[in-house]
Structure formats: structure tokens, C-alpha cells
Amino acid sequence: MHLALVVPDAKVALLQNLRQQRLMRPLLIAVTDPQLLTPELRDQQRQELAGTQGRLSLQLQPLVSKDLFFGADGQSRFDGLLTTAEGGSSWAVLHPRTTLIAPFEDRLAGELVWAIAGDDAALRRYINAWLAREQARGQMEALFDYWVRLSPSERTGR
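This is how it looks when you write it as C-alpha cells:
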């Protein structure tokens, strides 16, 4: 799992240029996962966004629901939504006026495990069959690069 930001399209350039251009106000990032609201993680994000020499006031604002970020008020109030890159890609597709950016690359990453309920044999079979098919096609590395590392792969052409 990799941390990333879902950003309103109008604010993408702002977030991508924080190392070159100092922001004269606090950067306000919405967060719905309370486990991501730690001072240590905030400081790591600040350093990743502004660089070691950069100065940035970063505020993490807890939200009870991602829907509050995607509403008109949320889009104007917040500069981004901190989420996983894997989940954020879906949110960015569902909300076309947003973009997923991965400024942290793999520096703020963790392991991801899917738990499947013991009685959901159909889902388990589906996931196992899909994984076996992609492995047989030699696509595991390309899929990992594309969906997890968020880098285009020569094999997928994306």
C-alpha cells in the first residue's frame, strides 16, 4: 500500500510545485483514516512535499467521510485527500474533476493484505483465478509496477 493524494484538478500544479514555489498559506489535506493523523506522518509528508530545505505549513484535517471532500465545499476548502494510491485511483475515476498524484512514491508505503471472509468462496476463487491467469501471462511484474508503484510499464503500454 502506498500513500497518495487525490487532488482537485485546479490544485494539481500547486501540489506538484511545492518544492519550487513556496506556499504562503497552510496546505490543508483531508484525512478520513484516523491512523494517518499522526504528527510523525504529517512531518514525513511535509518533507516529501516541500523537500528537506523547503518550508511548508501542513495541516491534516480529519473527515468522517470521503464524500465531504468530493462535494463542492470540500473541493474548494481542501487541497487534497490523503488516501492509499490503490484506493485513490478508484476515487479519481469516480470523480472526474480530481487527479491522483503520488508525490511520496514508495517512501511512505506499507504492506497490503486482503482478508476474504471464510464463507466467500466465490470471491476467493475469482481472485485466485485472476491471479493465476495474470501470472501465466507473465503480467505480475507489469501489474505491480502499474497499480502499486504507479509507474508505466513497457509490457502494459500504460
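The sequence shown begins at 973 in this note's numbering and counts up one residue at a time. Idealized CB from N, CA, C, for every residue including glycine.
Bounding residues of the beta strand (DSSP E) (the contiguous stretch that carries I1001): On the sequence shown, residue 1001 is found 29 positions in, with the first residue counted as 1. Element bounds for I1001: 999 to 1003.
Nearest-angstrom beta carbon gap, L977 and G1052 [assumed within contact, 8 Å]: Translated into the one-based positions of the sequence shown, residue 1052 becomes position 80. Translated into the one-based positions of the sequence shown, residue 977 becomes position 5. Right, the Cβ-Cβ distance comes to about 4 Å (below 8 Å), so this counts as a contact.
With the cut-off set at 8 Å, would you say V1003 and L1035 are in Cβ contact? What you label residue 1003 is simply residue 31 of the sequence shown in a count that begins at 1. What you label residue 1035 is simply residue 63 of the sequence shown in a count that begins at 1. Yes, Cβ-Cβ distance for V1003 and L1035 is below 8 Å.
Please report the straight-line C-alpha distance between R1105 and L1066, rounded to a whole angstrom. Here residue 1105 refers to the residue found at position 133 when the sequence shown is read from its first residue. Here residue 1066 refers to the residue found at position 94 when the sequence shown is read from its first residue. For R1105 and L1066, the distance between alpha carbons rounds to 27 Å.
Three or more C-beta pairs closer than 8 Å, one from the stretch 1024 to 1041 and one from the stretch 987 to 1003: is that the case here? yes
Measuring straight from C-alpha to C-alpha, what distance separates R1121 and A1044? Taking the sequence shown and counting its residues from 1, the one referred to as residue 1121 is at position 149. Taking the sequence shown and counting its residues from 1, the one referred to as residue 1044 is at position 72. Distance between the alpha carbons of R1121 and A1044: 30 Å.
Residue burial classification, P998 (beta-carbon count within 10 angstroms, cutoff 16): Counted from its first residue, the sequence shown places residue 998 at position 26. Answer is exposed; the Cβ neighbour count stays below 16.
Which residues mark the beginning and the end of the alpha helix (DSSP H) in which I1099 is found? Residue 1099 sits at position 127 when you count from the first residue of the sequence shown. Segment 1093 to 1108, the alpha helix (DSSP H) holding I1099.
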